[in-house]
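Enquirer: Shown below is the structure under consideration.
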Amino acid sequence: MIVLYHETTLRLEQPLACVGREDLDFGKGFYLTRLRDQAERWAIRVQLIRLSSDAWINMYEFD
Numbered sequence: 001m002i003v004l005y006h007e008t009t010l011r012l013e014q015p016l017a018c019v020g021r022e023d024l025d026f027g028k029g030f031y032l033t034r035l036r037d038q039a040e041r042w043a044i045r046v047q048l049i050r051l052s053s054d055a056w057i058n059m060y061e062f063d
């Protein structure tokens, strides 16, 4: 089993692979990390940039 994390300002039940910005490193997509602390740091960064009161770490488990 692999556990992957995704930071967002929304609570997501499943990945949304077709949304996002074109100007990111790997283009439009749903970016994941194996490192929870990396997702937490990114969540704080995005929360500050977007002036949002919400930051979520979504966790996905794959067999």
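Once you know that position 23 of the sequence shown is 23 in full-length UniProt numbering, the rest is easy, because the numbers rise by one and skip nothing. The beta-carbon is built from N, C-alpha and C at its ideal position, and this holds for glycine as well. From a predicted model like this one, the values you see are computed outputs, not experimental measurements.
When DSSP builds the beta bridges, which residues end up paired with Thr33?
Expert: Tyr5
Enquirer: Buried or exposed: which applies to Glu7, given that a residue is buried once 16 or more other Cβ atoms fall within 10 Å of its Cβ?
Expert: buried
Enquirer: Of all the options Arg41, Trp42, Gln38 and Leu32, which has the alpha carbon lying nearest to the alpha carbon of Ile2?
Expert: Leu32
Enquirer: Indicate the three-state DSSP secondary structure (helix, strand or coil) for Glu40 in the structure shown.
Expert: helix
Enquirer: If you follow the beta strand (DSSP E) that Glu13 is part of, which residue opens it and which one closes it?
Expert: It is not in any beta strand (DSSP E) - Glu13 carries neither H nor E in the DSSP assignment.
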